[in-house]
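Student: Chains as they are written, first to last, in this note's numbering: chain G, 1 to 228; chain U, 1 to 433.
Structure incoming, see below.
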């Protein structure tokens with residue numbers, strides 16, 4: 001069963017002098033439960049691809065099916081809903097809200113889903129426990145280490161019970177040991193919970209935590225490599 | 001549900017940056033406070049003037065002669081009641097001074113001589129005893145009604161009714177004490193002694209009076225009476241009554257007329273047409289010799305003038321309120337720029353545009369709401385402070401309502417644009433920051 005299916009996706013940006021083609025004719029499908037790493041040099045379009053997959057951005061042309069739904073042309077609000085229901089995000093620089101403690105940050109997606117306070121708190125605590133942060137629930141991001149902050153971000157993605165977690169350079173701001181611990185966490189979520197993971201990285205070692213590596217160059221898929 | 005969360009998150013937005021929020025609130029608060037206190041001063045001044053006029057009695061018309069030759073016989077007051085319909089009470093007024101002796105103490109007091117209609121005419125009750133009667137007036141009785149301050153001072157609070165005092169050496173029986181009117185009210189009647197006008201004329205050594213008071217049954221009757229009175233006195237001074245009335249307003253003024261006969265009971269015959277024409281320039285240059293004033297109109301005019309003043313003050317204050325509102329917009333716009341990342345995260349996590357619109361709008365609303373509340377408190381405090389330094393400012397509910405309404409309105413109005421901007425940021429771009 002294909003969870004993601006991109007057919008002939010391209011993305012152009014209008015810039016000062018003309019249009020910049022960030023993605024051209026991408027065909028990619030990801031099955032439920034896969035762990036895919038997207039690699040490529042900077043400017044190769046990997047973040048743009050991730051944004052399209054994450055419904056943060058619309059493709060210029062092409063068709064995109066997420067869990068069988070055609071989502072390339074749906075409304076802004078519908079995209080918000082899709083992101084809220086299906087997709088968990090983990091960013092390089094964590095993107096936690098500084099004013100909220102760990103629990104508050106993790107609760108956030110559930111707020112937009114309209115879930116009541118008690119239920120939200122229970123699920124947020126569970127998610128924080130799953131990433132090993134049950135003793136940091138009331139710490140603010142500024143009181144947490146980089147690794148801990150990224151765990152909060154992962155918990156925030158987990159709490160949504162997403163079909164898909166998208167990670168954009170999740171270890172980019174972390175030292176290699178912490179980075180490996182984070183990658184192990186992703187791997188665990190992938191194998192134990194069956195969550196599909198699509199990750200963008202330029203770090204070959206981190207990419208190898210996935211079972212498939214997609215290499216991008218100049219907005220096109222250059223090669224795909226399956227690991228063990 | 002959605003509103004509740006937006007409200008919650010908006011509150012977080014306020015709390016997260018206390019300095020920024022505090023300064024914004026302060027801006028609005030200063031605006032609201034200045035509206036409340038400045039309008040309070042204006043309104044206070046207005047009420048003070050209105051109260052002062054009202055303390056002179058309602059529907060009262062004052063007829064005053066500014067020239068000794070134009071003075072009135074005291075009996076004219078009574079006659080006016082019969083001649084002019086709609087008039088209920090009348091009194092000649094004699095103002096003079098006398099040396100008062102009470103036991104061993106003595107001092108100058110202001111005397112006011114009136115008819116027995118005085119209490120009804122001036123809407124003035126007595127705290128003890130009763131007012132002198134028509135009979136007292138006719139008999140030129142040596143009776144006195146004391147203003148509240150004098151009455152209360154004589155026996156240290158006990159009623160002095162029945163006691164005697166002397167005015168210019170003649171003994172007077174105290175028959176009543178007037179109710180308190182307050183400092184400066186009703187021509188400071190609290191510090192005066194009221195006696196029959198007949199008796200007062202004797203003290204003053206006069207036969208005529210320069211002032212008459214009449215009271216009409218109603219405001220409407222007062223308007224009609226004043227026109228009638230105008231005709232009467234114009235004719236009496238020898239004018240053509242068919243001539244257009246100067247100004248045509250409620251207050252009728254009769255320009256002096258060179259060589260005008262001293263008015264007597266019998267009206268002088270109108271003078272030949274040509275003679276009057278010849279005199280015309282002198283008429284216009286001459287000062288008023290009789291004025292007839294409807295106190296109602298004075299109240300209205302003073303009220304109007306002060307209302308303009310209040311509005312002006314309010315307008316000035318409103319500008320500062322507007323500036324406070326712009327401050328909200330400014331801060332909110334900065335907040336939107338500053339928090340683009342946050343907006344992106346929220347969008348990524350599933351916030352819809354409406355959620356963000358609501359959140360930022362509510363944040364602006366909170367800031368203006370807190371500003372309005374703080375400002376009202378500051379304004380009330382300001383009014384009290386002004387009053388401590390001798391102003392008569394009042395806390396006007398209208399000013400508070402207007403200020404709060406405008407502040408909240410500004411908050412919402414100036415919050416809409418930043419909120420819309422916030423909601424319109426595409427999530428990808430927001431996340432890139």
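From the three backbone atoms N, C-alpha and C, an ideal C-beta is built for every residue, glycine too.
Small disclaimer: the values here were computed from a predicted structure and weren't measured.
Is residue 304 of chain U buried or exposed, if buried means 16 or more other CB atoms sit within 10 Å of its CB?
Tutor: The count along the second chain starts at 1 and reaches residue 304 of chain U at position 304. Classification of residue 304 of chain U: exposed, given that the 10 Å Cβ count is below 16.
Student: Could you check what DSSP says for residue 395 of chain U in three-state terms: helix, strand or coil?
Tutor: The sequence position of residue 395 of chain U within the second chain is 395, counting from 1. Note: residue 395 of chain U maps to coil in three-state DSSP.
Student: Which value, in whole angstroms, describes the spacing of the CA atoms of residue 380 of chain U and residue 44 of chain U?
Tutor: Looking up residue 380 of chain U in the second chain gives position 380. Looking up residue 44 of chain U in the second chain gives position 44. Whole-angstrom Cα-Cα distance: 13 angstroms.
Student: Based on Cα-Cα distance, which residue from U:85, U:201, U:181 and U:407 lies nearest to residue 327 of chain U?
Tutor: For the purposes of this step, residue 327 of chain U is taken as the residue at position 327 of the second chain. Closest option to residue 327 of chain U, Cα to Cα, is U:407.
Student: Determine, using beta carbons only, whether residue 112 of chain G comes closer than 7 angstroms to chain C.
Tutor: No chain C is present in this structure, whose protein chains are G and U.
Student: Under a CB-based cut-off of 7 angstroms, is residue 4 of chain U close to chain G?
Tutor: For the purposes of this step, residue 4 of chain U is taken as residue 4 along the second chain, with counting starting at 1. For residue 4 of chain U, the answer is no, since every Cβ of chain G falls outside 7 angstroms of its Cβ.
Student: Between residue 99 of chain U and residue 143 of chain U, which are expected to be in contact by the criterion C-beta below 8 angstroms, what is the C-beta distance as a whole number of angstroms?
Tutor: What you label residue 99 of chain U is simply residue 99 of the second chain in a count that begins at 1. What you label residue 143 of chain U is simply residue 143 of the second chain in a count that begins at 1. That pair is no contact at about 18 angstroms.
Student: Nearest to residue 212 of chain G by alpha carbon, out of G:218, G:220 and G:199?
Tutor: Position 212 of the first chain, counted from the start, is the residue given in the question as residue 212 of chain G. With distances taken between Cα atoms, residue 212 of chain G lies closest to G:199.
Student: Using the three-state DSSP reduction, which class does residue 115 of chain U fall into: helix, strand or coil?
Tutor: Sequence index remark: in the second chain, residue 115 of chain U carries index 115 (1-based). Three-state result, residue 115 of chain U: coil.
Student: For the alpha helix (DSSP H) that contains residue 143 of chain U, what are its first and last residues?
Tutor: The sequence position of residue 143 of chain U within the second chain is 143, counting from 1. Not the alpha helix (DSSP H): residue 143 of chain U falls in the beta strand (DSSP E), residues 143–146.
Student: For residue 84 of chain G, which residues in the same chain have their Cβ closer than 8 angstroms to its Cβ, ignoring the five residues on either side in sequence?
Tutor: On the first chain, position 84 is the one that residue 84 of chain G refers to. 109, 112, 113 and 160, listed in sequence order.
Student: Can you give the Cα-Cα distance for residue 25 of chain G and residue 62 of chain G, rounded to whole angstroms?
Tutor: Sequence index remark: in the first chain, residue 25 of chain G carries index 25 (1-based). Sequence index remark: in the first chain, residue 62 of chain G carries index 62 (1-based). Looking at the two C-alpha atoms, the distance is approximately 8 angstroms.
Student: Does any residue of chain G bring its CB to less than 7 angstroms from the CB of residue 345 of chain U?
Tutor: Within the second chain, residue 345 of chain U is the residue found at index 345, counting from 1. It does: the Cβ of residue 345 of chain U has a partner Cβ on chain G nearer than 7 angstroms.
Student: Which residue marks the beginning of the beta strand (DSSP E) containing residue 199 of chain G, and which one marks its end?
Tutor: Residue numbering aside, residue 199 of chain G sits at position 199 when the first chain is read from its first letter. Element bounds for residue 199 of chain G: 196–200.
Student: Suppose you measure from the CA of residue 97 of chain U to the CA of residue 376 of chain U; what does that come to, to the nearest Å?
Tutor: On the second chain, position 97 is the one that residue 97 of chain U refers to. On the second chain, position 376 is the one that residue 376 of chain U refers to. Their backbone Cα atoms lie some 49 angstroms apart in a straight line.
Student: Compile a chain-ordered list of the residues in the region 317–329 of chain U whose CB is closer than 8 angstroms to at least one CB of chain G.
Tutor: Residues: none.
Student: Going by DSSP in three states, residue 303 of chain U sits in which element: helix, strand or coil?
Tutor: Residue 303 of chain U sits at position 303 when you count from the first residue of the second chain. Residue 303 of chain U: helix per DSSP, three-state reduction.
Student: Assuming residue 12 of chain G is part of the beta strand (DSSP E), what are its boundary residues?
Tutor: The sequence position of residue 12 of chain G within the first chain is 12, counting from 1. Counting along the chain, the beta strand (DSSP E) containing residue 12 of chain G begins and ends at 2–14.
Student: Using a Cβ-Cβ distance under 7 angstroms, would residue 12 of chain U count as near chain G?
Tutor: Here residue 12 of chain U refers to the residue found at position 12 when the second chain is read from its first residue. Chain G contact via Cβ: present.
Student: Please state the DSSP three-state secondary structure of residue 162 of chain G.
Tutor: Here residue 162 of chain G refers to the residue found at position 162 of the first chain. Coil at residue 162 of chain G, not helix or strand.
Student: Quickly, what does DSSP pair residue 190 of chain G with across the bridge? List them, please.
Tutor: Here residue 190 of chain G refers to the residue found at position 190 when the first chain is read from its first residue. The partner list for residue 190 of chain G (beta bridge, DSSP) is empty, contrary to what the question assumes.
Student: Report back the beta-carbon spacing between residue 189 of chain G and residue 3 of chain G to the nearest angstrom; my notes put them in contact at under 8 angstroms.
Tutor: Sequence index remark: in the first chain, residue 189 of chain G carries index 189 (1-based). Sequence index remark: in the first chain, residue 3 of chain G carries index 3 (1-based). About 15 angstroms separates the two Cβ atoms, so there is no contact after all.
Student: What is the C-beta distance between residue 186 of chain U and residue 125 of chain U, in whole angstroms, given that I count them as a contact (C-beta under 8 angstroms)?
Tutor: Numbered from 1 along the second chain, position 186 holds the residue referred to as residue 186 of chain U. Numbered from 1 along the second chain, position 125 holds the residue referred to as residue 125 of chain U. With 8 angstroms as the limit, residue 186 of chain U and residue 125 of chain U do not qualify as a contact, their Cβ atoms being about 12 angstroms apart.
Student: Closer than 7 angstroms, CB to CB, is residue 83 of chain G near chain U or not?
Tutor: Here residue 83 of chain G refers to the residue found at position 83 of the first chain. Yes, residue 83 of chain G lies at the interface with chain U (some Cβ there is under 7 angstroms from its Cβ).
Student: By Cβ distance, which residues of its chain are closer than 6 angstroms to residue 120 of chain G, with the 5 residues on each side in sequence left out?
Tutor: Position 120 of the first chain, counting from 1, holds the residue named residue 120 of chain G. These residues qualify, in order along the chain: 107 and 110.
Student: Would you check if the region 166–179 of chain G and the region 129–139 of chain G touch, i.e. whether three or more CB-CB distances between them fall below 8 angstroms?
Tutor: The region 129–139 of chain G, when compared against the region 166–179 of chain G, does not touch it at the 8 angstroms Cβ threshold.
Student: The beta strand (DSSP E) spanning residue 35 of chain G covers which residue range?
Tutor: For the purposes of this step, residue 35 of chain G is identified with residue 35 of the first chain, where counting begins at 1. Taken as a continuous stretch (DSSP letters only), the beta strand (DSSP E) holding residue 35 of chain G covers 35–39.
Student: So that I know if they touch, is there some Cβ in chain G lying closer than 7 angstroms to that of residue 349 of chain U?
Tutor: Translated into positions along the second chain, residue 349 of chain U becomes position 349. Yes, residue 349 of chain U lies at the interface with chain G (some Cβ there is under 7 angstroms from its Cβ).
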